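Residue numbering for the sequence shown follows the working numbering, starting at 1319 and increasing by one per position.
Reading through the C-alpha cells given below for one structure.
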Amino acid sequence: MHTLVTWRYSPPNDNFELKSADRKLGSREVLTKTTHSGLCHTDVHAKSKGCGLGHEGVGRIAEIGSEVSTHKVSDRVGWGGYRQYCPDARGFANHELDQGAFGDYAIWDEAFVYVIPGSVSSVSARPLIPPAAWRVVGIGGLGHMAVLFAKAMGCAVTAFSGREVKKDDAFQLGADFFRTTSTPNTVWRNPKSLPAASIRTSTEPGINTLLICTNEVPSFEPLLRLLERQATIILLTIQSTPLVIPFVPFILLGHRIVASTETSRQNHIAMLQFAARNNIQPWLEMFPMKSKGLKEAFRKLETGEMRFRGVLVKEPRG
C-alpha cells in the first residue's frame, strides 16, 4: 500500500491544500515520483471539484508491479490524462479522483507512461502536430507549441491572436504570418522568415488546416473566409457553451471539423522522439509546487498572463 499526497483546491478556504490517499500498486502499474507537472486550462475547470489536480506529469519510476515489462525502476517518464482506457465503457466521473501530477507520487498503468528521451529536459517534456499551410488560433500555452511543431515539420504557419501585442512573440516562435481577430483582413509577414517549400511568394498561402488552441472557440465567421476549399478545422478547446457554425459557408466549401483531446500511445512516443530530434523547447514559466506557487500559477493562467506554459516544480523536502 502506498500513500499518495496530492494538492487539491479548497473553495471554502480559497487555497490549495495537501490531501492523502492510500492506493495499492497493481501488477501492471508503476509508482512514479513526481518532479514536474504542466499546468493546463483543464485544471481550471477541475479546480473546484475537490479532486487531485494535474494531468501532465513527469518523474522517475520508484517501483514497478510484478508483471511490468516495458519500464524499469529509475526510468524518467511522463504521463497524460489517461491512466487506462475503460473497455466496458463505464463513466469516468468517479474514477481516480485521489491522485494527480500535483503531488509527490502517482500510480499509473505501464502502457500510459512514456519514457522521456535524454535530450528532452523534464521541465520541457510536459507542455509538448505534416507539411502544409497551417493557421494556429491562440498563441498561448498550447498554441505556441503548435507553431514550434508545425515549423519543425516544414509548414507555412499563420499565427492568429486576439491581441496585436502577440505578433513579435509569434514571429520569434517562427510563424511566417500573423493576423488578429480585430483586423482579420490585415496580415503581417515575418521579415526573418525563410521561404519554405510551401511559401512560393511573399504573400500568405491559403490555409488548409486551422488549429483552434484558444480557451473558448472564436467566431468562425471571419476565419472561414480565409480557408482553402476542403480545409480541416481541429478543435483543441474545452468549453461548456454550444459550438456555433455558419452553416452555408461551411458546407459549400466542403470543410470538416475534427475534435481532439488525447491521442494514442504511439503518437505520444512519436511526438517525444520528434521533439528530441528537432530540439523543440517550449516557452515556460516555472512555479514551486506549493500552495503559494499554485495560487500564483492559477491566477496567471485564469487572467491570461501566463507566458506561455506554466510548469509546477516539485522541490526536494529539506
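Glycine included, each C-beta is placed from N, C-alpha and C at the ideal position.
All figures in this text were calculated on a predicted structure; none of them were measured in a lab.
Return the CA-CA distance between residue 1604 and residue 1509, expressed in angstroms with no decimal places. 31 Å
Look up residue 1586 in the DSSP assignment and say whether it is helix, strand or coil. helix
State the beta-bridge partners of residue 1347 as determined by DSSP. 1427
Could you name the residues that DSSP lists as bridge partners for residue 1495? 1476 and 1507
Whole angstroms are fine: how far does the CA of residue 1594 sit from the CA of residue 1447? Low confidence applies to residue 1447: its pLDDT is 37, below 50, so where it sits in the model is not reliable, and the reading given next is rough at best. For residue 1447 and residue 1594, the distance between alpha carbons rounds to 14 Å.
With a cut-off of 8 Å on the beta carbons, I'd call residue 1416 and residue 1360 a contact; round off their distance for me. Their Cβ separation, rounded to whole angstroms, is 18 Å, which puts residue 1416 and residue 1360 out of contact at 8 Å.
Going by beta-carbon coordinates alone, are residue 1456 and residue 1530 separated by less than 8 Å? yes
Taking DSSP as the reference, what is the three-state secondary structure of residue 1385? Here residue 1385 sits in coil by DSSP.
Can the beta-carbon of residue 1629 be found less than 8 Å from the beta-carbon of residue 1357? In this structure, residue 1357 lies closer than 8 Å to residue 1629 by Cβ.
Could you tell me if residue 1519 is buried or exposed, where buried requires 16 or more neighbouring beta carbons within 10 angstroms of its beta carbon? Low confidence applies here, because residue 1519 scores a pLDDT of 42, under 50, leaving its location unreliable; read the following figure in that light. Looking at its Cβ environment, which holds fewer than 16 other Cβ atoms inside 10 Å, residue 1519 is exposed.
Inter-stretch contact (C-beta, 8 Å, three-pair minimum) for the stretch 1533-1540 and the stretch 1461-1476: no
Residue from 1484, 1464 and 1351 with nearest C-alpha to residue 1622: Looking at the Cα atoms, 1484 is the closest of the given residues.
From the DSSP output, in three-state form, read off residue 1630 for me. strand
Whole-angstrom C-beta distance between residue 1346 and residue 1383, which should lie under 8 Å: 5 Å
Give me, in chain order, the residues of the same chain whose beta-carbon lies closer than 8 Å to that of residue 1557; leave out the 5 immediate sequence neighbours on both sides. 1533, 1534 and 1535
Beta-carbon gap between residue 1378 and residue 1353 smaller than 8 Å: yes
Beta carbon of residue 1438 nearer than 8 Å to that of residue 1389: no
Quick one: is residue 1573 buried, meaning 16 or more other Cβ sit within 10 Å of its Cβ, or exposed? buried
Measuring only the C-alpha atoms, how far is residue 1565 from residue 1494? 30 Å
Tell whether a beta-carbon distance below 8 Å holds between residue 1492 and residue 1528. no
Would you call the CB atoms of residue 1525 and residue 1549 closer than 8 Å? Yes, they are a contact pair.
Is it right to say residue 1587 is buried, meaning 16 or more other beta carbons lie within 10 angstroms of its own, or is it exposed? exposed
How long is the line joining the alpha carbons of residue 1329 and residue 1503, rounded to whole angstroms? 44 Å
For the putative contact between residue 1428 and residue 1398, defined by C-beta atoms under 8 Å, what is the C-beta separation to the nearest angstrom? At roughly 14 Å, the Cβ-Cβ gap does not stay under 8 Å, so residue 1428 and residue 1398 are not in contact.
Using 8 Å for Cβ pairs, my map puts residue 1425 next to residue 1343. What's the rounded Cβ distance? 6 Å
Taking only the alpha-carbon atoms, compute the straight-line gap between residue 1431 and residue 1583 and give it to the nearest angstrom. One alpha carbon belongs to residue 1431, the other to residue 1583, and they sit about 9 Å apart.
For residue 1394, count the other beta carbons within 10 Å of its own beta carbon; 16 or more makes it buried, fewer makes it exposed. Which is it? buried
With a threshold of 8 Å on Cβ separation, who are the neighbours of residue 1578 within its own chain once the five nearest residues in sequence on each side are excluded? Cβ contact annotation for residue 1578 (same chain, cutoff 8 Å, sequence separation greater than five): 1552, 1553 and 1554, in chain order.
Contact check, residue 1372 vs residue 1339, beta carbons under 8 Å: no
Using a Cβ-Cβ cutoff of less than 6 Å, which residues in the same chain neighbour residue 1355 once the five nearest sequence positions on both sides are dropped? 1372, 1374, 1375, 1419, 1420 and 1630
How big is the Cα-Cα spacing for residue 1580 and residue 1592? 18 Å
Buried or exposed by the 16-neighbour rule on C-beta atoms within 10 Å, applied to residue 1607: buried
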